[in-house]
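Working notes, beginning with the structure itself.
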Amino acid sequence: MYTGSTSELICRLIKELSGDDVVRCPRCSFSIPVTEFAGIEIRTSVVFNPEQSTVALEEDDNAELKGPVIDRRCSRCNKEGMVYHTRQMRSADEGQTVFFTCIHCRYQEKEDS
Numbered sequence: 000m001y002t003g004s005t006s007e008l009i010c011r012l013i014k015e016l017s018g019d020d021v022v023r024c025p026r027c028s029f030s031i032p033v034t035e036f037a038g039i040e041i042r043t044s045v046v047f048n049p050e051q052s053t054v055a056l057e058e059d060d061n062a063e064l065k066g067p068v069i070d071r072r073c074s075r076c077n078k079e080g081m082v083y084h085t086r087q088m089r090s091a092d093e094g095q096t097v098f099f100t101c102i103h104c105r106y107q108e109k110e111d112s
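When we follow numbering that gives the first Met the number 0, the leftmost residue of the sequence shown carries the number 0, and every step to the right adds one.
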């Protein structure tokens, strides 16, 4: 049975099999004979992010209202105050596109700069 330290045990779990019947850790060069693993059952599991976390982002009604607020007048409701964000929609040697959203009526405008 294995009696090494905790760090060696963790290291043992991430070993990769080399061609000479020895399992070596690629990080610290710790090695152990393959025969030490005879009869040992290893189980792994993968836990994915829950589906509701991505759905919650899509359902967030205020998502477009996050960002810096500027003094720009909305062309629909004529009130002042819009949030904006930028995206590089065209090639890198051209300007960016600025998207504005009215904080009052949520009307959206875009401007190529």
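In this text, a Cβ means the ideal position worked out from N, Cα and C, and glycines have one as well.
In whole angstroms, what is the alpha-carbon distance linking residue i and residue j?
i      : j      : result
Lys65  : Asp20  : 58 Å
Glu110 : Asp70  : 15 Å
Cys76  : Phe99  : 14 Å
Cys101 : Pro67  : 12 Å
Gly189 : Ser112 : Given that the chain is displayed from residue 0 to residue 112, the structure contains no residue 189 and the question cannot be resolved.
Gly38  : Phe47  : 30 Å
Thr34  : Ser28  : 18 Å
Ile31  : Pro25  : 13 Å
Ser90  : Val82  : 24 Å
Val45  : Glu108 : 43 Å
Val22  : Phe36  : 10 Å
If you follow the beta strand (DSSP E) that residue i is part of, which residue opens it and which one closes it?
i      : result
Gln107 : Gln107 to Asp111
Ser44  : From DSSP, Ser44 is part of no beta strand (DSSP E); its letter is neither H nor E.
Arg23  : Val21 to Arg23
Arg86  : Glu79 to Arg86
Ser30  : Ser30 to Pro32
Name, in chain order, the residues that DSSP records as bridge partners for residue i.
i      : result
Pro67  : BP columns for Pro67 are empty, so no partner.
Arg72  : Glu79
Arg101 : Here the sequence assigns Cys to residue 101, which means Arg is not the residue at that position. According to DSSP, Cys101 bridges with Met81.
Can you tell me whether residue i is buried or exposed, with buried defined as 16 or more other CB within 10 angstroms of its CB?
i      : result
Thr85  : exposed
Cys104 : exposed
Met88  : exposed
Cys73  : buried
Considering only heavy atoms of the ligand FAD, does any lie closer than 8 Å to the CB of residue i?
i     : result
Arg23 : This structure simply doesn't include the ligand FAD, nor any ligand for that matter.
Taking 9 Å as the CB-CB limit, is residue i close to chain B?
i     : result
Glu93 : Among the chains of the structure shown, chain B does not appear; only one protein chain is present.
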